[in-house]
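In what follows, a single structure is set out as structure tokens and then discussed.
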Amino acid sequence: MLRAMLLVAFVTAIWGALEEYVPYLGAETGVAKATIPLLILLVWVGATAGGLLAGPAERLGSRGYAALLGLAALTLAAGALSGHPAGFVAIGLAVGAFQLAQVLADVRLQERITGPARATVTSVAGLGTNVVTLGVYTAYGTASSQVSHGATFALLALPYVVIALAMARTRRSVRSSP
Numbered sequence: 152m153l154r155a156m157l158l159v160a161f162v163t164a165i166w167g168a169l170e171e172y173v174p175y176l177g178a179e180t181g182v183a184k185a186t187i188p189l190l191i192l193l194v195w196v197g198a199t200a201g202g203l204l205a206g207p208a209e210r211l212g213s214r215g216y217a218a219l220l221g222l223a224a225l226t227l228a229a230g231a232l233s234g235h236p237a238g239f240v241a242i243g244l245a246v247g248a249f250q251l252a253q254v255l256a257d258v259r260l261q262e263r264i265t266g267p268a269r270a271t272v273t274s275v276a277g278l279g280t281n282v283v284t285l286g287v288y289t290a291y292g293t294a295s296s297q298v299s300h301g302a303t304f305a306l307l308a309l310p311y312v313v314i315a316l317a318m319a320r321t322r323r324s325v326r327s328s329p
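Counting from 1, position 55 in the sequence shown corresponds to residue 206 in the numbering used here; the numbering is continuous, with no gaps.
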């Protein structure tokens, strides 16, 4: 149960906090200020699509989920590092995948809860999300004062890669044990 709560917290918090900085990333591409809302719209179209795909994606196993997170992290980093407005297509796709991963993590957490603890477990996962979000804000503020917004986005995509690798490793360990 703890792993499921941590997964919800990290998957939700990272992209949720990064979304706050999308306008800065858009401005960094050099587009006119009037174009930035269109770039933000691309990101939210991705998020909406990710949410809508949750039903069909519910069949996704642990390996597929790990691949989803890892590929989304790489896509986010590539889009952010491109420094070009077209990179927002990749960012939108990545955010869609993160939204999908968030919904699936929430569903899987709810499926694991038995008995009267549902409200408590859900609240603890929400608290974890808030704590991780504060950490992401702190990391963003620190990193963005040293490197570009694109590089900061790419750096903050790394935890998703770590989570994906840990999930894949755990899956292999479970398979190889007697």
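Beta carbons: idealized from backbone N, C-alpha and C, even for Gly.
Item                                                                                              : Value
The alpha helix (DSSP H) enclosing T265, as first and last residue numbers                        : Note, T265: premise wrong, no alpha helix (DSSP H); not H, not E.
For H235, the nearest candidate out of T280, G177, Q261 and G277 (CA to CA)                       : G177
Residue environment, P207, which counts as buried when at least 16 other CB atoms sit within 10 Å : exposed
Proximity to Q261 [Cα-Cα], best of T273, F161 and A319                                            : T273
Limits of the unbroken alpha helix (DSSP H) element including A185                                : Run containing A185: none; DSSP gives neither H nor E here.
Separation of Y291 from T303, as counted between CA atoms                                         : 6 Å
Among V246, L251, A231 and F249, nearest to T180 - alpha-carbon criterion                         : A231
Inter-residue CB distance, V312 and A241 (contact presumed, cutoff 8 Å)                           : Incorrect: roughly 16 Å between the Cβ atoms, too far for contact.
Residues near A96 by beta carbon distance below 6 Å, same chain, minus five either side           : Examination of residue 96 is not possible in this model, given that the chain is present from 152 through 329 alone.
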